[in-house]
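Residue numbers (this note's numbering), protein chains in the order written: chain L, 1 to 205; chain S, 1001 to 1205. For glycine and all other residues, C-beta sits at the position ideal for the given N, C-alpha and C. Working notes for the structure below.
Number of protein chains: 2
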Amino acid sequence: MAGTETRAQIVDAADRLFYEHGYEHTSFAAIAEAVQISRGNFYYHFKSKDQILDAVIAARLERTRGMLDCWTAGESNPAGRIRRFVEIVVTNRADIQDHGCPVGTLTSELAKLDHPALGEAKGLFVLFRSWLGEQFGALGQYDRADELAMHVLAFSQGVATLAQAFRDEDFIRREVERMLAWLTTVTPVDSATEGDDCSGTQATP
Amino acid sequence: MAGTETRAQIVDAADRLFYEHGYEHTSFAAIAEAVQISRGNFYYHFKSKDQILDAVIAARLERTRGMLDCWTAGESNPAGRIRRFVEIVVTNRADIQDHGCPVGTLTSELAKLDHPALGEAKGLFVLFRSWLGEQFGALGQYDRADELAMHVLAFSQGVATLAQAFRDEDFIRREVERMLAWLTTVTPVDSATEGDDCSGTQATP
């Protein structure tokens, strides 16, 4: 019990540190220090930073799946679901302006490091891509579903990178409005956003 | 003379290593090794990796200014100039799929490191932003010039991040076509791309 909690604490702390400062820059020691447990207890759970990275990616995948399931359940209209995705760059604008997109920046960093966990990290993009593709398919855009999904995903990445560089909230909102307007040209959006409390924090691509 | 050449060699090698493997991951020793000069000669030019970073950013700024000047001189139509920018993600597709955008990935990394050179690195984005804004202004889009410039810049970043993650050249070409189609809705593009040999390698934002 306590062991499971400790492990989760380590993963949470590492997740945040990797996001805020990058994977390479975050040392094994810095993670241990953030959690403030004994070296022995820490090593009981993780022997290396790579092992922690695997656990962080697994946790992000699980959280992202939960968020997408929540959006799917909370919105009957597929266009409304896509809109939920588009709007997370506004929802998470504080983190994005500080640290960029957690998926995009980790994937990019691991690619440069030629890190073996890159494939797993890309799985986060794949989750969003597949889910967005399903929504476009459900809107009748069978032939272009994946192409449209990639376009929306590219929007989120472009906004995140420039929002981080320029720390410009107005820019984020303008680009979201532009994307939502585009979405109505793909298919009519008739649902009002239904309320729910799907948390998207740190799962933003 | 030889000293200037050696310095330029060091900067070129560091530029490439920072781009391919990230700033944090590239050691001072790795740069020295790549250039293969004596330790004394190396230290004569640079005392720290931070100093090399400053020189790399200055070199990129100079190269980017040269490229933009070349585009300005080579294309009389401002829309054609913007098109040149849009098309560099195709021109530089090999590097982008391998390492992402040199401007976006460096800026993002330095932001996470809270590095003092971040402001200088952002200057690369500012150059592109200002130049794109000038072109939209020249097209009569005075009120929206900067907004449109940021939209085009966001396109380049979204494409670069996903092209790196998925290594998908068709995706790059599709997004470029989409952006060029959008550009014709902002203003008519009537110029054929005029030939020139502005080199854009590694200056891609």
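Between the C-alpha atoms of Gly1100 of chain S and Thr1161 of chain S, what's the straight-line distance to the nearest angstrom? Distance between the alpha carbons of Gly1100 of chain S and Thr1161 of chain S is about 6 Å.
Based on Cα-Cα distance, which residue from S:His1021, S:Leu1183, S:Glu1005, S:Val1011 lies nearest to Asp1098 of chain S? When only C-alpha atoms are compared, the closest one is S:His1021.
contact_flag[the region 1143-1150 of chain S, the region 1067-1079 of chain S] where n(CB pairs < 8 Å) is 3 or more: no
Considering only the alpha carbon of each residue, which of S:Glu1169, S:Ala1055, S:Arg1129, S:Glu1109 lies closest to Asp1012 of chain S? S:Ala1055
Are Val1265 of chain S and Val1103 of chain S touching if we call contact CB-CB under 8 Å? Absent from the model: residue 1265 of chain S. The displayed extent of chain S is 1001 to 1205, so no value can be given.
Does chain S have any CB closer than 8 Å to the CB of Asp28 of chain L? In the sequence as displayed, the identity of residue 28 of chain L is Phe instead of Asp. It does not: the Cβ of Phe28 of chain L has no partner Cβ on chain S nearer than 8 Å.
Just confirm the distance between the C-beta atoms of Asp15 of chain L and Ala59 of chain L, as a whole number of angstroms; I'd bet it's less than 8 Å. Asp15 of chain L to Ala59 of chain L, Cβ: 6 Å. Contact.
Sequence-distant residues of its chain with Cβ nearer than 6 Å to Arg93 of chain L (five each side left out): So the list reads Glu169, Ile172, once near-sequence residues are dropped.
Three-state class that DSSP yields for Thr91 of chain L in the structure shown: helix
For Arg39 of chain L, does the count of other Cβ atoms within 10 angstroms reach 16, so buried, or fall short, so exposed? exposed
Select from the region 92-103 of chain L all residues with a C-beta closer than 9 Å to any C-beta belonging to chain C, and list them in chain order. The structure shown contains no chain C; its protein chains are L and S.
By the 10 Å Cβ neighbour count, where 16 or more other Cβ atoms means buried, how is Ile1010 of chain S classified, buried or exposed? With a threshold of 16 other beta carbon atoms within 10 Å, Ile1010 of chain S meets it and is buried.
Considering Gly1119 of chain S, what are the terminal residues of the alpha helix (DSSP H) in which it resides? 1118-1138
Cβ neighbour criterion (16 or more within 10 Å) applied to Ala1181 of chain S: exposed
Determine, using beta carbons only, whether Ala1034 of chain S and Leu1017 of chain S come nearer to each other than 8 Å. yes
For Thr1201 of chain S, decide whether its Cβ has a neighbour in chain L, counting only Cβ atoms nearer than 8 Å. For Thr1201 of chain S, the pLDDT reaches just 47, beneath the cut-off of 50, and the residue's location in the model is therefore unreliable, although a value from the coordinates is still provided. At a cut-off of 8 Å, the C-beta of Thr1201 of chain S has no neighbouring C-beta in chain L.
From the beta carbon of Met1150 of chain S, is the nearest beta carbon of chain L less than 8 Å away? True, the Cβ-Cβ gap to chain L drops below 8 Å.
What is the C-beta distance between Leu1106 of chain S and Tyr1023 of chain S, in whole angstroms, given that I count them as a contact (C-beta under 8 Å)? 7 Å
Measuring only the C-alpha atoms, how far is Ala1121 of chain S from Ala121 of chain L? Computed Cα separation, rounded: 26 Å.
Got a sec? Which residues, its chain only, sit under 6 Å from Ala1138 of chain S by beta carbon, not counting five neighbours each side? Pro1078
Counting along the chain, where does the alpha helix (DSSP H) carrying Cys1070 of chain S start and finish? 1049-1074
Ordered along the chain, which non-local residues of its own chain (more than five positions away) have a Cβ less than 7 Å from that of Ala1008 of chain S? none
Which residues, in chain order, does the region 118-137 of chain L contribute to contact with chain S at a C-beta distance below 8 Å? Lys122, Phe125
Buried or exposed by the 16-neighbour rule on C-beta atoms within 10 Å, applied to Thr4 of chain L: Here Thr4 of chain L is exposed: its Cβ has fewer than 16 other Cβ atoms, across all protein chains shown, within 10 Å.
Is it right to say Ala1203 of chain S is buried, meaning 16 or more other beta carbons lie within 10 angstroms of its own, or is it exposed? Confidence is the limiting factor: at Ala1203 of chain S the pLDDT is only 49, short of 50, which leaves the residue's position unreliable and the question unanswerable from this model.
Could you tell me the distance, in whole angstroms, from the CA atom of Met1 of chain L to the CA atom of Ile37 of chain L? Unreliable positioning characterises Met1 of chain L in this predicted model, as indicated by a pLDDT of 46, which lies under 50. A coordinate reading is not provided.
For Asn1041 of chain S, name the three-state secondary structure that DSSP assigns. helix
Please tell me whether Glu109 of chain L has its Cβ less than 8 Å away from any Cβ of chain S. yes
May I ask you to report which of helix, strand or coil DSSP gives Tyr1023 of chain S? coil
Rounded Cβ spacing between Arg1081 of chain S and Gln1135 of chain S (contact assumed at less than 8 Å): Indeed, because the Cβ distance is near 5 Å, the residues count as touching under 8 Å.
For Gln1141 of chain S, decide whether its Cβ has a neighbour in chain L, counting only Cβ atoms nearer than 8 Å. no
Here's a check: name, in chain order, each residue in its chain whose Cβ is nearer than 6 Å to the Cβ of Lys49 of chain L, leaving out the five neighbours to either side. Phe28
Which residue comes first and which comes last in the alpha helix (DSSP H) that contains His1115 of chain S? Boundaries for His1115 of chain S: no alpha helix (DSSP H) harbours it, and the DSSP string shows neither H nor E there.
Note the first and the last residue of the continuous alpha helix (DSSP H) segment covering Asp1168 of chain S. Per DSSP, Asp1168 of chain S belongs to no alpha helix (DSSP H) and is neither H nor E.
Using a C-beta cutoff of 8 Å, does Ala1181 of chain S count as contacting chain L? Not closer than 8 Å to any Cβ of chain L, the Cβ of Ala1181 of chain S fails to qualify, so no.
Strictly under 8 Å for the Cβ-Cβ distance: is Val86 of chain L near chain S by that measure? no
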